[in-house]
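Be aware that the sequence shown starts at -17, since it is given in our numbering, and climbs by one per residue. We treat Cβ as the ideally placed atom computed from N, Cα and C, and that holds for glycine.
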Amino acid sequence: MYHVCMTITDPVQTDHEARFDALIDGGHKIEPRDWMPEAYRKTMIRQIAQHAHSEVIGQQPEGNWITRAPTLQRKAILIAKVQDEAGHGLYLYSAAETLGVSRDEMNDLLHRGVQKYSSIFNYPTLSWADMGAIGWLVDGAAITNQVMLTRTSYGPYARAMIRICKEESFHQRQGYEIMLELANGTEEQRDMAQDALDRFWWPSLAMFGPPDADSTHTEQSMAWGIKLETNDELRQKFVDMTVPQARYLGLSVPDPDLVWNDERGHFDFGDIDWDEFWRVVRGDGPCNRERVAHKRKAWDDGAWVREAAAAHAAKRTSDLAGKGTST
Ligand code: FAQ
């Protein structure tokens, strides 16, 4: 018996696994040089890449309104917000690169439809009020999820999330402020705000992912400390936080089943259309094709910038080497 165990157990592997488990159990961070199970690495790459792609593709629905912002001040704020999203994408691609995947590979996987981005960015932005609804609801949902990710187990991801959350929090405020102004404006402005809430409410609830019972990754991701709360818990938190904000605006949430449940201490809410969610996730939402085509074009059009930056870096390295300075 003893002999059999010796032949199948790799003591080095066991040591690595024990150390990894101890770090997770102790609430410590896993760092890029630490040993990690291959499945943990893959899960982190999948989630961080998907998150990075969401930030980058998420610039498109709002970018659509930069040239049509109603005032110079609104335009300046919107440009700053869209730039922030690009920055979030960059921190996140850098965090994913520490796991041994390159940015080129991630972009290629996105362009080929292998890696995903958030379902929410496949909905069109039809009016200025959508800028308010996105900031308030989409950034609001993003923060609800991302505050927990500042404590996620992979160090570079957790640290990137701290700054991202601070910026998302400003985005949420600016969105709510747009809604507040419209809701207190003319009848037409109020209708625009209500219409934006009607269209973005359900897709924002779906952003948190499928119900826990249908979630493929939640159980393992919670065991590894990647996720600290489940999709349904976060969705409930978002509803509880957002419904009073809608009421303060004097707008109605488009859900006839929405009611405060005293016993649970939470709002009960209606059923999400999961068929629609999966259609959008699988590439058949209102704007999927347009979003990916635009992203691909931007990547191709920007090739000369990447080549010029690489040529500049190579020249600088050879200049420094010529001067005998190590880089
Ligand atoms: N869209 O087992 P789970 C933002 C997929 S950033 C598309 O529950 P998991 C900022 C999921 O990938 C918004 N697919 O998965 C901004 C999996 O498929 P797979 C992005 C979705 O990973 C604001 C399958 O369903 N935030 O908004 C979605 O444990 C304004 C089963 O799902 C993040 O990415 C979805 N909504 O939990 C920017 C946060 N939900 O991969 C611009 C980080 C699920 O096996 C403007 N990510 N799926 O083929 C996460 O926290 C998690 O990945 C979840 C999903 C919670 C999104």
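- Less than 8 Å separates the beta-carbon of I208 from that of T134.
- Beta-bridge annotation (DSSP): H248 is paired with N243.
- Residue burial is scored here from C-beta neighbours: E245 has fewer than 16 other C-beta atoms within 10 angstroms and is therefore classed as exposed.
- CA-to-CA, the gap between L302 and E150 works out to about 40 Å.
- Rounded to the nearest whole angstrom, the C-alpha separation of A293 and K305 is 18 Å.
- Relative to ligand 1, F249 has its C-beta separated by 7 Å or more from all heavy atoms.
- Every alpha helix (DSSP H) stretch that sits fully inside the stretch 76 to 112 and reaches 4 residues is listed by chain position as 85 to 93.
- Its chain contains H70 as the residues whose beta carbon lies nearer than 6 Å to that of I146, once the 5 sequence neighbours on both sides are disregarded; these appear in chain order.
- The Cβ atoms of L60 and A165 do not sit closer than 8 Å to each other.
- Secondary structure note for G304: its alpha helix (DSSP H) is the uninterrupted segment 285 to 304.
- Residue pairing by DSSP places Y136 opposite I12 in a beta bridge.
- Nearest Cα to F190 within the set H199, L179, W183, N213: N213.
- Residue nearest to N46 within the set K63, Q227, A34 is K63 (criterion: CA-CA distance).
- In this structure, Q156 has its CB at a distance of at least 7 Å from all heavy atoms of ligand 1.
- If you check the C-beta of A124 against ligand 1, you find a heavy atom less than 7 Å away.
- Each of T(-4), S203, P14 was checked against the Cα of V83, and the nearest Cα belongs to P14.
- Short of 7 Å from the beta carbon of L74, and not among the five residues preceding or following it, lie these beta carbons of its own chain, in chain order: I30, H33, A34, E37, A142.
- Buried is the label assigned to L216, since at least 16 other Cβ atoms lie within 10 Å of its Cβ.
- Relative to ligand 1, the beta carbon of I144 is positioned no closer than 7 Å to any heavy atom.
- Q176 is classed as buried because its beta carbon has at least 16 other beta carbons within 10 Å across all chains shown.
- Judged by the Cβ position, T198 qualifies as a neighbour of ligand 1 at the 7 Å threshold, a heavy atom of the ligand being closer than this.
- Distances taken from the Cβ of H33 to the heavy atoms of ligand 1 include one shorter than 7 Å.
- By the C-beta density criterion, M113 is buried, having at least 16 other C-beta atoms within 10 angstroms.
- CA-CA distance, D(-8) to K24, rounds to 22 Å.
- Rounded to whole angstroms, the Cβ separation of I125 and P185 is 17 Å, and the two are not in contact under 8 Å.
- Our two residues, D16 and A205, have alpha carbons roughly 18 Å apart in a direct line.
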